[in-house]
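Chemist: Before we start, here is the structure in question, set down as structure tokens.
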Amino acid sequence: MNELRDLFEAVVADADAVFLFSPSASEFEQFEEADDPVVVVGPENNVEAESFVELPLDFTDLEGRVRFGIEGALEQGYTEEGDEVVCVSGFMGGTTNSVSRIETSDFSPSGVYDLFVNSRAEPGVVRDVFEVAIELGKKGQKGKPVGALFVVGDAGKVMNKSRPLSYNPFEKSHVHVGDPIVNVMLKEFSRLDGAFVISDAGKIVSAYRYLEPSAEGVDIPKGLGARHMAGGAITRDTNATAIVLSESDGLVRAFKGGELVLEIDPEEY
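Going by my numbering, the residue at position 170 of the sequence shown is 151; the numbering climbs one at a time, nothing skipped.
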């Protein structure tokens, strides 16, 4: 154990900051009085850390958590470009112990932090829509894969750049994403064509919308189809975020500013 602790101290030596991912109180206490600044990254600040980056999604991969934590710390001024930081996940007793030393510039900005924090829509709304898409990706419709497109935020402009494919079942309603009953409705309506449009505050404005922005200049990965192209294009022309569930490969992807910024496999979530 002493050799392990000596090795850990060697990794931390001269680091500009230590990132703790969802630490317990005892784990946090081990670092709280250290010389290196400590940044806590997690869903909640249960340890009352002064430097805290809220993790809105339970990223299943360590790289996703690290990338979000670093982008958030850079945005909030807890660390700087080029700093060397030590990332600790599940330290000394967690189920997935991991200690790594990296340079913040090793991660080129992906926009994943900006996706939640600086979106027009409230962060909780973006999270709720992700969870609907992920759940739909896991179960599909009656056991069959299904695709879906959710456009979140800047709803007025999105409506002006789209047209109805059918009647709007939410036209006179005041329902919001996140309500369990409403989420069931969203999953049911997702089997039909068109996009869902959701307001900044989470109100479901419309279903069955055909998005009409020009796809010119939108660069999406090869193999992705019209649904992803439409999602990318509408986020380039508005301040909305698009969350797309792919029927072909089952992945959930997010677009902002016309670019792909996040990709999640529902089966691993």
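All C-beta atoms, glycine included, are put in the ideal place defined by N, C-alpha and C.
Is there contact here, the region 103 to 120 with the region 131 to 148, by at least three beta-carbon pairs under 8 Å?
Modeler: Yes, the region 103 to 120 touches the region 131 to 148.
Chemist: How long is the line joining the alpha carbons of E248 and A(-4), rounded to whole angstroms?
Modeler: The straight-line gap from Cα to Cα measures roughly 36 Å.
Chemist: Can T219 and K138 be called in contact, C-beta distance under 7 Å?
Modeler: Cβ atoms of T219 and K138: closer than 7 Å.
Chemist: Return the chain-ordered list of same chain residues with a C-beta closer than 7 Å to the C-beta of I224, the five sequence neighbours on each side being excluded.
Modeler: Contacts found: V110, F111, A114, F131, V133, V233 and A235.
Chemist: CB V263 to CB S171, shorter than 7 Å?
Modeler: Nothing can be reported for residue 263: it is not among the residues displayed for the chain, which extend from -18 to 250.
Chemist: Could you check the C-alpha separation between H157 and Q11 for me, to the nearest Å?
Modeler: Approximately 42 Å, taken between the alpha carbons.
Chemist: What does the alpha-carbon distance come out to for the pair K237 and T222?
Modeler: Spanning the two alpha carbons is a distance of roughly 5 Å.
Chemist: Run through the region 123 to 177 for me and flag every whole beta strand (DSSP E) of 3 or more residues, listed as ranges in chain order.
Modeler: You should have 129 to 133 and 143 to 145.
Chemist: Is the beta carbon of Y191 less than 7 Å from the beta carbon of S147?
Modeler: Not in contact: Y191 and S147 (Cβ atoms no closer than 7 Å).
Chemist: If I follow the unbroken beta strand (DSSP E) through R101, where does it start and stop?
Modeler: Unbroken run through R101: none, as it is neither H nor E.
Chemist: When the distance is taken between beta carbons, is V19 closer than 7 Å to V(-1)?
Modeler: Yes.
Chemist: Using only CA atoms, which one of E116, N149, D42 and V34 lies nearest to V98?
Modeler: Out of E116, N149, D42 and V34, V34 has the C-alpha closest to the C-alpha of V98.
Chemist: Note down the Cα distance separating V178 from I185, rounded to an integer number of angstroms.
Modeler: Going from the Cα of V178 to the Cα of I185 covers about 6 Å.
Chemist: For A102, collect the residues of the same chain with a Cβ closer than 7 Å to its Cβ; drop the 5 residues on either side in sequence, then sort them by chain order.
Modeler: So the list reads V133, G134, D181 and T222, once near-sequence residues are dropped.
Chemist: Grab me the residues of L36's own chain with a C-beta within less than 6 Å of its C-beta, minus the 5 sequence neighbours each way, in chain order.
Modeler: Here the set comprises V22, G23 and P24.
Chemist: Quick one: what does DSSP say Y189 is sitting in, helix, strand or coil?
Modeler: Y189: strand per DSSP, three-state reduction.
Chemist: Where does the unbroken beta strand (DSSP E) through I224 begin, and where does it stop?
Modeler: Looking at the DSSP string, the run of the beta strand (DSSP E) that includes I224 is T222 to L226.
Chemist: Which value, in whole angstroms, describes the spacing of the CA atoms of E197 and R144?
Modeler: Approximately 19 Å, taken between the alpha carbons.
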